[in-house]
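Asker: Before anything else, here's the structure in question.
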Ligand SMILES: Cc1ncc(C[n+]2csc(CCOP(=O)(O)OP(=O)(O)O)c2C)c(N)n1
Ligand SMILES: Cc1ncc(C[n+]2csc(CCOP(=O)(O)OP(=O)(O)O)c2C)c(N)n1
Ligand code: SF4
Ligand code: SF4
Ligand code: SF4
Ligand code: SF4
Ligand code: SF4
Ligand code: SF4
Ligand SMILES: [Mg+2]
Ligand SMILES: [Mg+2]
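Chains as they are written, first to last, in the working numbering: chain A, 4 to 257; chain B, 4 to 257; chain C, 20 to 93; chain D, 20 to 93; chain E, 1304 to 1481; chain F, 1304 to 1481; chain G, 230 to 581; chain H, 230 to 581.
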């Protein structure tokens, strides 16, 4: 450090000093970082248990220095339910992609939410199956090209992108739902605050907390990271608007 | 027939002349009857293909004189999708209980709706697992006693009853959603009109049609059929209000 | 004056659920409490043949389609 | 006047995604197009050491937590 | 000695509890017992039955297709099980409701107007099953009456214990009728 | 004669298409061929490779762990595959970018500054893979150049056919460099 | 305290699990198994376990996966179609080496089939219904009493080997009432340093996974599993022998069927036929060696595998006998329980 | 028209299905199988089939169930974990006797495992991963060409026997490119009077079900299935013999592994060892009789089952050999493909 300066931002130590396998510019890395910042700042390494999905973030446990379990594709919500019910004092989160949470895992997602399972969903919606090489996800935008919608997603046969935040907000026992993104510094800060708030609400036992991150996949969107931010702004956010869809009364949280 | 009289209501012939296995007063029978009235009145026996669930109505094919397939528990929507996509000119319906459609089959239900699969859901919501002897369903009312909620359904651990009609109404490709009941002659007439309308919309190819019937289960509710009507009126309908949740513009249907 | 209508109820099809009885506006139906069909169930029958107005309520409510309704030709 | 801040970027951690570069309000970052790290990627570095205002934008946007930010003690 | 029995009737007639009581009583006497109910949606049809095996030796199969004793409480059950009574076995049937009597000649057939007797003599039709059970026990000596009484006490929920005397009466009446 | 080869480098360097072209050309010459890519999320790491086997006989395994020829385009691939070249095999490596050269003495090691040559001589760095392929074909006589040209025509999408002359130049250049 | 009761198999199963220290149960109703979850729901207020009626068997098995990873003593129960739905999860659990207990109260398949008792899921249970090379320890109780005993044993073996253990029971054992002696309750204290209970400063983080993307490492995991399976095979084979002295005809039979076969043996012996019964209690590991030894006895003429299916365990019997003696099969399918008479008649007519 | 191409196994599989008259495909992406659905998505505009990327494998198999009942020529493909999720559906389809085709492009299990090629789903495929007594016809292609040929064959057998047919392939065959001759496209005209196409006045309603609640009737359905399985076993066994004259050591191997074993045989023959290869092509029905006959040949010393798993098909080999000769096993797990050299070394060191 140069003399006369102080360090004001550094990589959290709970994010292990390993190169993450994610593609350049992928928000999976960003969200990992954010979660570990919270873990470090709150000093809750011994309190947090994470569940990885099957998806690009399947290896999350290689990087996050907390106890973690790797769930079967789509079943992270059921796995998190199992953990949280056994260890109600811990902070449990499931980290899931859109294929995982909104396709194969729909039933587990909806019912964990409906029961008000007291853990936090961190839902990385990049509109595509990243890990398997870019197939259409339930959240793929209308007209978007993927390897299984090579001519663009066709609503007549595949429907319209599913809005999970809006959907789970309908469920009574869900306490908090917010959609965030990491496409700008301001949004990234908000994303972190949202996860913090979710953890807080979880610690109060108020019900299911659900954070959807409008994410990117430069590799399978076949664009640069920079262009992926454009896509998010121009295409994704108009359809998946950011914001709080549901939250407990302020008194309850504080 | 006595002289000077004419027959104005009779059992439809497409409802086979067999004693149905349902308990006395069970609406499963009523809905079977209604569907077959439509089939007979519209003369569409060769056009309609039904899918039975696993639930009390698993034997529906014993009574309905149309081509039918028995789906695995919860998968009727997927089965109906398979049939309808192969035979787009037919009228396909899935007939499902609340355990089937709203618990184990949640993902198939949501995604058939989200894709706008062009068949009709007939969803018999009796708030209980009838066939297996009265366990709690996702739609069991708060405080309601079942064999797996012997002290009354407890929202803190099992959540609140899920409102499927409201939920699927959120999905863009769903064309028509109505919740009906058979607890009065007027409502039973409406139920029939709703199914007719759903079939009409299906024939127009406008998207998924979804009819929820607030039904009963005298046997597992441990009451008489008459009392079951009371329960519906006093307890179920306030929580599951009847009505149209979504419908296409009138011009589209006519 | 002959009734406006009458109903026929299939004894063996009827399950004695009573839904027709309670929905008949003119109270002309009842369960036969002194006899059962071969399934051991008290079936419904017309107690009052004169009051039927052929409204079909009973038939519409009958889950088991046990009821046929006839109406006086006018 | 010494800059308000500066950043350190881990060359091997950086994946050259350019997100820090485009979000630096004072344009003091760039990718090194003439060199790659051992993964074959053009890493980011400070092109202009004097302009950094220690706003942390770059670090917040850096997915891979490759950036450390330092601020002048006031 | 192994006794293989079936109790069958409409749901609500108390066939399952007849079987349970008998098996429990036998168990209390140190016998080997098994009790196997019909289960699943066929119950929707309104019929119920249970098979009870009682033996000095371990029971092999809880499910048997021929019986030493059948106690049938309704017409469909009579129809279904009459043919399955073993040669020289016993068929006890409730004769108030069942209209078409059994026809087999190679078995002992015992008609018992249990419904009528329970209604008229005991003023409670519900205990007609105990009447039939009493008859069975008398005929076959399967268990002692005292054991049945213990069984009643152990298996009836406390809140129904005031009904034990009535049940005992019914058993006695049943025993006296054969 | 069986030739077992691997092509490895960063994703985007064209290693998969080198292998495809060669295999296709060999197939056109009537040889038995197999082409096996690395697959799955390990590609996230940014590396890619494919194994190509060419033989007069049917190919047994498309996956082999030792190679007659390895063509490596980056440092990690060199690190990974150098040791897997068979004794007396050939290792062709791109020497513009790879900074730490191979060290084995029991194999033929061919450095080729393909990036530099493609950039400077052909004004298109993208065809550096064709340069390496040319070198390989020259060294091993795996297929005739004409077959490679047929392969280019058959496997390149129509809209890229205008690039065929450039690719041919690159192959020629590669052949001339070894 | 130990206690004698007259109980349904399914309820006894639930009670045994409670007494064995159950901490989490996750299940979904299905005939003929539903009484397990119903019983546990009824008893819940008196105990400390967590009970979730899951939205499906798929969810249930994955809740088990999570809860077992968190170090708890957990169980799920189901019947055939539900067990099929659990196969992916079971494969994950086996590979992740998590202790937990399953029970399949088998009904007649395939498909929706019937709800009557059957043994037609033997292959699925013993050969691995899920993908990949793995085994469950499979116990085959033949009575309500043994259901109880096997639940205790299952939890114990699960912890001992960090392995899922299953009971392959059937609808009759689940539905019938028998006398049962309930053992004393256990004060269960998990000792699972590998569990995901939150990383404390004194240890590395715990990771529960079945993913080993590099083939070499995945092979290591497989070798580790195979090593364990070998150890289990060496140590945990259980079986019962009945009237096998001087035997000529050996019936091999498990579960409910073995009780019927016992009667067959008794009847055969009465009529002078030297018959005996070999009953595998662990279906995996299968008692290969004891059968092999029996096959080597000169007087033994043949083996007859009697099953409530179309012939499944008979393959394991054949593999054990390895050609030394003929191996025959008799079975009924679709939920039919064979009678002693039909079995003995079949044997007399075809094999003597 | 027949046509020669250089194609990936998965793409060739898709193309073969199209040419064989595919009417409906329902699938879910999974490595190393995803190219099948991707290829079909790409080709969709040029053909008349319906393609749905389902929300899961569970949904996919049940869409297949529906579409097959409606009389269409339908298929789904997946890889190991996905195939586990399909087990309930497959059991339903088998019991309902619906023709359709599955392919499992196997990867190394158990659990999430690895994505490298494996044969560790052999048991699941051949013994019945789902509940109940049933079999699929299981084909084991060993090349891209055979993948294509087997798809044609699979659809044909499926219709012939009203039975699901599966290809047990692996990640390497799916991912690699080879030369392939594509047969002529078929004009497929279903002839399925039992299909649920809408009840016309000239026939009774058609019901597709696997539910037979009464045990007696369920047993009838089982007997019918067993009858069919017997017929298939009699008629459809397929295998390849390689250098089996005067053989002493017989390798038994299927799929990708059989190609490697062929090389082993060649090398062994070169060094004077009388080795040969027996390759089951139908894994179910397994070529029991041919192996039994080989086992009866005096000169034959032993069998060695070589597999990419921990030892699965070896049980079927043992059942066929039935103790007549020793049966050994060599295998690699977790996605490792054995080399000819290691196999021959293993044999030389341990078995000669
Ligand atoms: C049962 C099962 N089906 C399919 C797969 C293959 N698979 C792995 S990840 C994935 C989807 C990944 O997409 P998403 O959940 O959106 O995560 P992302 O990679 O985009 O972050 C699929 C289909 C699997 N591993 N298991
Ligand atoms: C995979 C599977 N799980 C569970 C069951 C058991 N089962 C049969 S019907 C049913 C629920 C029935 O409830 P519902 O769908 O509400 O229909 P209802 O009988 O009330 O009409 C269940 C759980 C099954 N057959 N298959
Ligand atoms: S494939 Fe997409 S989601 Fe996966 S790491 Fe790369 S950019 Fe991220
Ligand atoms: S159990 Fe309930 S849902 Fe089923 S038939 Fe009887 S009343 Fe109807
Ligand atoms: S038709 Fe109307 S009036 Fe006549 S019996 Fe029926 S309900 Fe009563
Ligand atoms: S409604 Fe129908 S079934 Fe019910 S009592 Fe009346 S006639 Fe009988
Ligand atoms: S801290 Fe701010 S000013 Fe400094 S380099 Fe980063 S983005 Fe630029
Ligand atoms: S944001 Fe991070 S990874 Fe991207 S270029 Fe900047 S320092 Fe490198
Ligand atoms: Mg995604
Ligand atoms: Mg219900």
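Even for Gly, the Cβ is constructed at its ideal location relative to N, Cα and C. This one's a predicted model, so the numbers in the text were calculated from it and none came from an experiment.
If you reduce the DSSP assignment to three classes, tell me which class residue 1460 of chain F lands in.
Answerer: Translated into positions along the sixth chain, residue 1460 of chain F becomes position 157. Note: residue 1460 of chain F maps to coil in three-state DSSP.
Asker: Is any beta-carbon of chain A found at less than 8 Å from that of residue 43 of chain D?
Answerer: As a working note, residue 43 of chain D is residue 24 in the fourth chain. It does not; no Cβ of chain A falls within 8 Å.
Asker: Compute every distance between the C-beta of residue 131 of chain A and the non-hydrogen atoms of ligand 9, then say whether any falls below 7 Å.
Answerer: Mapped onto the first chain, residue 131 of chain A falls at position 128. At least one heavy atom of ligand 9 is nearer than 7 Å to the Cβ of residue 131 of chain A, so yes.
Asker: Flag residue 26 of chain D as yes when its Cβ comes closer than 7 Å to any non-hydrogen atom of ligand 7, and as no otherwise.
Answerer: The count along the fourth chain starts at 1 and reaches residue 26 of chain D at position 7. Answer for residue 26 of chain D: yes, Cβ within range of ligand 7.
Asker: Kindly indicate the opening and closing residues of the beta strand (DSSP E) around residue 240 of chain H.
Answerer: What you label residue 240 of chain H is simply residue 11 of the eighth chain in a count that begins at 1. Looking at the DSSP string, residue 240 of chain H is not in any beta strand (DSSP E); the run it does join, the alpha helix (DSSP H), is 238-248.
Asker: Under 6 Å Cβ to Cβ from residue 296 of chain H, same chain only, skipping five residues before and after it: list those, please.
Answerer: In the eighth chain, counting from the first residue as 1, residue 296 of chain H sits at position 67. So the list reads 253, 303, once near-sequence residues are dropped.
Asker: Give me the subset of the segment 1306-1339 of chain F whose CB atoms are less than 8 Å from a CB atom of chain D, sorted by chain position.
Answerer: Under the 8 Å Cβ criterion, the segment 1306-1339 of chain F contributes 1313.
Asker: Roughly how many angstroms separate the alpha carbons of residue 1383 of chain F and residue 486 of chain H, rounded to a whole number?
Answerer: Against the sixth chain, residue 1383 of chain F aligns to sequence position 80. Against the eighth chain, residue 486 of chain H aligns to sequence position 257. Rounded to whole angstroms, residue 1383 of chain F to residue 486 of chain H spans 25 Å at the Cα level.
Asker: In its own chain, which residues sit with a C-beta less than 6 Å from the C-beta of residue 62 of chain C, not counting the 5 before and 5 after it?
Answerer: For the purposes of this step, residue 62 of chain C is identified with residue 43 of the third chain, where counting begins at 1. The answer, listed in chain order, is 30, 33, 35, 51, 56.
Asker: Looking at the secondary structure, which residues open and close the beta strand (DSSP E) in which residue 53 of chain C lies?
Answerer: Here residue 53 of chain C refers to the residue found at position 34 when the third chain is read from its first residue. Per DSSP, residue 53 of chain C belongs to no beta strand (DSSP E) and is neither H nor E.
Asker: Using DSSP with H/G/I as helix, E/B as strand and the rest coil, what is residue 1387 of chain E?
Answerer: Counted from its first residue, the fifth chain places residue 1387 of chain E at position 84. Residue state, collapsed to three classes: helix.
Asker: Would you kindly report the start and end of the unbroken beta strand (DSSP E) that includes residue 397 of chain G?
Answerer: Indexing the seventh chain from 1 puts residue 397 of chain G at position 168. First-last of the beta strand (DSSP E) with residue 397 of chain G: 393-399.
Asker: Alpha carbon to alpha carbon, what distance is there between residue 404 of chain H and residue 1456 of chain F?
Answerer: As a working mapping, residue 1456 of chain F is identified with position 153 in the sixth chain. As a working mapping, residue 404 of chain H is identified with position 175 in the eighth chain. If I take the Cα positions, the gap works out to 23 Å.
Asker: Give me the Cα-Cα distance between residue 9 of chain A and residue 54 of chain D, rounded to the nearest whole angstrom.
Answerer: On the first chain, position 6 is the one that residue 9 of chain A refers to. On the fourth chain, position 35 is the one that residue 54 of chain D refers to. Approximately 29 Å between the Cα atoms of the pair.
Asker: Taking the alpha carbon of residue 1432 of chain F as the reference point, which residue from F/1447, F/1398, F/1387 has its own alpha carbon closest?
Answerer: Position 129 of the sixth chain, counted from the start, is the residue given in the question as residue 1432 of chain F. Cα-wise, what sits closest to residue 1432 of chain F is F/1398.
Asker: Does DSSP put residue 42 of chain B in a helix, in a strand, or in coil?
Answerer: By 1-based counting over the second chain, the position of residue 42 of chain B is 39. Helix at residue 42 of chain B.
Asker: Helix, strand or coil for residue 1423 of chain E? Go by DSSP, reduced to three states.
Answerer: Position 120 of the fifth chain, counted from the start, is the residue given in the question as residue 1423 of chain E. DSSP places residue 1423 of chain E in helix when its eight states are reduced to three.
Asker: Heavy atom of ligand 8 less than 7 Å from the Cβ of residue 40 of chain D, yes or no?
Answerer: As a first step, residue 40 of chain D is located in the fourth chain; it is residue number 21 there, counting from the start. Within the cutoff, so yes.
Asker: Can you pull the chain B residues whose beta carbon is under 8 Å from the beta carbon of residue 117 of chain A, in chain order?
Answerer: Within the first chain, residue 117 of chain A is the residue found at index 114, counting from 1. Within chain B, the residues near residue 117 of chain A are 141, 162, 163, 165.
Asker: For residue 245 of chain B, count the other beta carbons within 10 Å of its own beta carbon; 16 or more makes it buried, fewer makes it exposed. Which is it?
Answerer: Numbered from 1 along the second chain, position 242 holds the residue referred to as residue 245 of chain B. Buried: at least 16 other Cβ atoms inside 10 Å.
Asker: Closer than 7 Å between beta carbons: that is the criterion. Which residues of the segment 397-422 of chain H meet it against chain F?
Answerer: Listed in sequence order: 401, 404, 405, 406, 407, 408.
Asker: Please state whether the Cβ-Cβ distance between residue 428 of chain H and residue 70 of chain B is less than 8 Å.
Answerer: Taking the eighth chain and counting its residues from 1, the one referred to as residue 428 of chain H is at position 199. Taking the second chain and counting its residues from 1, the one referred to as residue 70 of chain B is at position 67. Their beta carbons are under 8 Å apart, which means residue 428 of chain H touches residue 70 of chain B by this criterion.
Asker: Closest to residue 48 of chain C by CA distance: which of C/93, C/73, C/59 is it?
Answerer: Within the third chain, numbered from 1, the residue matching residue 48 of chain C stands at position 29. Among C/93, C/73, C/59, the Cα nearest to that of residue 48 of chain C belongs to C/73.
Asker: Quick check: residue 211 of chain A and residue 116 of chain A, are their CB atoms within less than 8 Å of each other?
Answerer: Locating residue 211 of chain A in the first chain gives position 208, counting from the first residue. Locating residue 116 of chain A in the first chain gives position 113, counting from the first residue. Yes, the Cβ-Cβ distance between residue 211 of chain A and residue 116 of chain A is below 8 Å.
Asker: Contact between the segment 1434-1454 of chain F and the segment 1321-1329 of chain F is defined here as three or more beta-carbon pairs at a separation below 8 Å; is this criterion met?
Answerer: Yes: the two stretches touch, three or more of their Cβ pairs being nearer than 8 Å.
Asker: May I ask whether a heavy atom of ligand 1 can be found less than 7 Å away from the beta carbon of residue 269 of chain H?
Answerer: For the purposes of this step, residue 269 of chain H is taken as the residue at position 40 of the eighth chain. Outside the cutoff, so no.
Asker: Spell out whether any CB of chain C is found under 8 Å from the CB atom of residue 1423 of chain E.
Answerer: Here residue 1423 of chain E refers to the residue found at position 120 when the fifth chain is read from its first residue. Residue 1423 of chain E does not count as touching chain C.
Asker: Determine the DSSP secondary structure at residue 1396 of chain E, reduced to helix, strand or coil.
Answerer: By 1-based counting over the fifth chain, the position of residue 1396 of chain E is 93. Three-state result, residue 1396 of chain E: strand.
Asker: Per DSSP, which one or two residues make a beta bridge with residue 255 of chain H?
Answerer: Within the eighth chain, numbered from 1, the residue matching residue 255 of chain H stands at position 26. Residue 255 of chain H pairs with H/281.
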